[in-house]
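Take any residue in the sequence shown, note its place counting from 1, add 71, and you have its number in the working numbering. Reviewing the structure listed below.
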Amino acid sequence: MKTVPDFQKWKVARTPITMVTCYDAATSKILNETSVDALLVGDSCAMVVHGFDSTIHATLEMMVAHTAATRRGAPDKVIVADMPFLSFRGSVEAATQSVMQLMRAGANGVKLERCKGNAELISRLVDAGIPVMGHLGLTPQSIHEFGGFKMQARNDLAAQTLQEEALELEEAGCFSIVLECIPSHVAERVTEALAIPTIGIGCGPETSGQVLVINDLLGLDSRFQPPFARRYMDADQMITRAIEGYCEDVREREYPGEGEYKV
Ligand code: KIV
C-alpha cells in the first residue's frame, strides 16, 4: 500500500507519480484496484459533478461528502482533499477545524491553493501531523484575478516569483506541490529547484508526476476537452450508446429477457 512518505521516495528515485481526481465511491472502488498512486478529491467537483462554472462554488460540506465517499470505495489509496475557496483564509483555528473535518472524512492530507498568506497555516498543520500539498500556477480559485482560465508564469518575473513561492511552500513543510498550467520550462526549473515532488497538470512532462481530472481522462464530456488533457476513452459516447440500447430494448420488449426475471 502506498503512503504519503512514498512521494519523497518517488522524487528521489525520479519515479513518475500518477494521480487522478475522484469524487465518489463507485469510481474510487475501481481506482482502488488500479496502480494509480493517489487520488485527489478536487474542488473541481463543483464544476464536473455539480455543474457550476468555477471551483469557487465548492463548499466544505461538499468536499467532506466527496472525500468520505471516495474513501469508502478506496480504502487502500492515498487521498488528498482540496480545501475549498476561502476555507483556509480566516483564522488558523477556523482553517484547522475545516482540515479536521476533511481528515475525519478519510483524507490522508489536504491541498490548498496559492502561497501568499498560507505559510503559517501550512507550518501549523504540518506540525500537527497533517500532510499538506501546495498548488501554484493557474489556481482556479483565483480565476477572477487572472481574468479566466489562463496560463500563468509567462514572463521571467512571474516565473521567478512562482519559483520563490514553491520554495516557500517547501520550507513551510508541503510534501508536494501541484503546478497547473505554467510553461514547461518553468515547471522543469521549479521541479529541479525543489527537494519535494511536483505534480503537473498542463505543464509538460518534466514535473515529478501528473494529475488529471478523471472526467477529462475518461471523456465524460465530449463538448469539453482541455488542450493538455489526453482522453483515454470516450465515456460520453459509450454511456449514450448504453442508454439508447437499454431504451430500445425496453421499447421492443427485449428487456427484461429470459433469466432476467422470476416467474
Ligand atoms: O480540483 C482539482 O481537480 C485540482 C486539479 C486540477 C489539480 O485541483
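Virtual Cβ for every residue (Gly too), placed ideally from N, Cα, C.
Within 7 Å, strictly: CB atoms of residue i and residue j
i: Gly177; j: Thr138; result: yes
i: Arg185; j: Thr167; result: no
i: Val261; j: Gln234; result: yes
i: Lys148; j: Leu110; result: yes
i: Glu236; j: Leu265; result: no
i: Leu250; j: Cys274; result: yes
i: Ile127; j: Val170; result: no
i: Leu173; j: Val163; result: no
i: Ile270; j: Ser247; result: yes
i: Met134; j: Ala117; result: no
i: Leu183; j: Met222; result: no
i: Leu289; j: Ala313; result: no
i: Pro297; j: Lys82; result: no
i: Ser115; j: Val284; result: yes
i: Ser393; j: Ile253; result: There is no way to answer for residue 393, as the model of the chain reaches only from 72 to 334.
Bridge partners - residue i, DSSP secondary structure assignment
i: Lys182; result: Asp153 and Met204
i: Thr269; result: Ile248
i: Gln281; result: Thr89 and Gly271
i: Val112; result: Ala152
Sequence-distant residues of its chain with Cβ nearer than 7 Å to residue i (five each side left out)
i: Gly244; result: Ile193, Ser194, Val197 and Val203
i: Thr74; result: Val149
i: Gln212; result: Thr126, Ile127, Phe156 and Glu184
i: Asn179; result: Val75, Val149, Ile150, Val151 and Pro202
Close-in-space but distant-in-sequence residues of the same chain around residue i (CB under 6 Å, 5 per side omitted)
i: Asn257; result: The sequence given here has Val at residue 257, not Asn. Counting only Cβ-Cβ distances below 6 Å, and skipping sequence neighbours, we find Ala224 and Ala230.
i: Leu157; result: none
i: Phe299; result: Gly273
i: Ser99; result: Cys93, Thr141, Gly144 and Ala145
i: Gly205; result: Leu240, Cys245 and Ile248
i: Tyr326; result: Asp320
i: Met72; result: Asp147
Residues near residue i in its chain [Cβ-Cβ closer than 8 Å; skip 5 each side]
i: Asp95; result: Val120, His137, Ala140, Thr141 and Gly144
i: Ala190; result: Glu239, Leu240, Glu242 and Ala243
i: Gly188; result: Arg160
i: Val107; result: Thr89, Met90, Val91 and Lys148
i: Tyr303; result: Leu288, Leu289 and Gly290
i: Phe295; result: Asp287
i: Gln308; result: Gly290 and Ser293
Cutoff 7 Å: residue i Cβ touching any chain D Cβ
i: Leu291; result: The structure shown contains no chain D, having only a single protein chain.
For review: beta carbons within less than 7 Å of any heavy atom in the ligand KIV: Thr92, Leu111, Gly113, Asp114, Ser115, Thr126, Asp153, Lys182, His206, Pro211, Val249, Glu251, Ile272, Val282 and Val284
Looking at C-beta atoms only, is the number of pairs between the region 276-286 and the region 78-92 that lie closer than 8 Å three or more? yes
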